[in-house]
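> Would you mind keeping the following structure in view while I ask a few things?
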Amino acid sequence: MTEPVPSQTTDQARAPRADGLPKRTKAAPAASPEQRQPLELARRIVELAEDKKAADIVLLDLAGLTTMADYFVICSGGSERQLEAIASGIIGSLRDERTRPIGREGTAASHWILVDFGSVIVHIFTPPERDYYGLEKHWSEARTILSVQ
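Numbered according to numbering that gives the first Met the number 0, the sequence shown spans residues 0 to 148.
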């Protein structure tokens, strides 16, 4: 008959290491954009853009039209300062929720900021640049999931 192996007690599990330091636990890694459901992420981005008073927010479903992303969130800001506030608000809040962007392009001074979350790409424009580039017209075959005026 074999003797059972003694299990560690709770106190033993918390005992300091031989060097006197407490045992370190590994922090959970930040969620990658792909770990969050794309539509859930897109809707959260819309909420965050609304919080920063973005105008004319549109969520487009690109499924079946391209492999670059599942969704576009397109919105407008009235000034360079507001463009930066919208982009920073989205990035900062999602970072707090453990979702980080893959990349960011453009600046408020260029009047177009793009934030890439993999399955969701966010376009933040001033109204003249939004009209000029016409992404909604270019992607007119995409289904509009929501539009916030």
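Each residue gets a CB set at the ideal place from its N, CA and C atoms; glycine is no exception. This structure is a prediction, so every number in the text was calculated from the model and none was measured.
1) In this structure, what does DSSP give as the bridge partners for Ala54?
2) To the nearest whole angstrom, what separates the beta carbons of Leu145 and Phe71, a pair I think is in contact under 8 angstroms?
3) For Ile90, which residues does DSSP report across the bridge?
4) What do you reckon, are the CB atoms on Ser87 and Leu47 nearer than 7 angstroms?
5) Let me know the secondary structure DSSP gives Ile44 once reduced to three states.
6) At the level of alpha carbons, what is the spacing between Gly77 and Ile90?
7) Could you pull out every residue in the same chain whose Cβ sits closer than 6 angstroms to the Cβ of Arg129, ignoring the five residues on either side in sequence?
Reading off the structure:
1) The count along the sequence shown starts at 1 and reaches residue 54 at position 55. Per the DSSP secondary-structure output, Ala54 pairs in a beta bridge with Ser75.
2) In the sequence shown, residue 145 corresponds to position 146, counting from 1. In the sequence shown, residue 71 corresponds to position 72, counting from 1. The Cβ separation is near 12 angstroms, so there is no contact.
3) Taking the sequence shown and counting its residues from 1, the one referred to as residue 90 is at position 91. Answer by DSSP bridge pairing: none, since Ile90 is not bridged.
4) Locating residue 87 in the sequence shown gives position 88, where the first residue counts as 1. Locating residue 47 in the sequence shown gives position 48, where the first residue counts as 1. It is not a contact, given that the beta carbons lie outside the stated cut-off.
5) One-based indexing of the sequence shown puts residue 44 at position 45. The answer is helix: DSSP assigns Ile44 an H, G or I state.
6) Taking the first residue of the sequence shown as 1, we reach residue 77 at position 78. Taking the first residue of the sequence shown as 1, we reach residue 90 at position 91. Looking at the two C-alpha atoms, the distance is approximately 19 angstroms.
7) Position 130 of the sequence shown, counting from 1, holds the residue named residue 129. Answer for Arg129: Ser75, listed in chain order.
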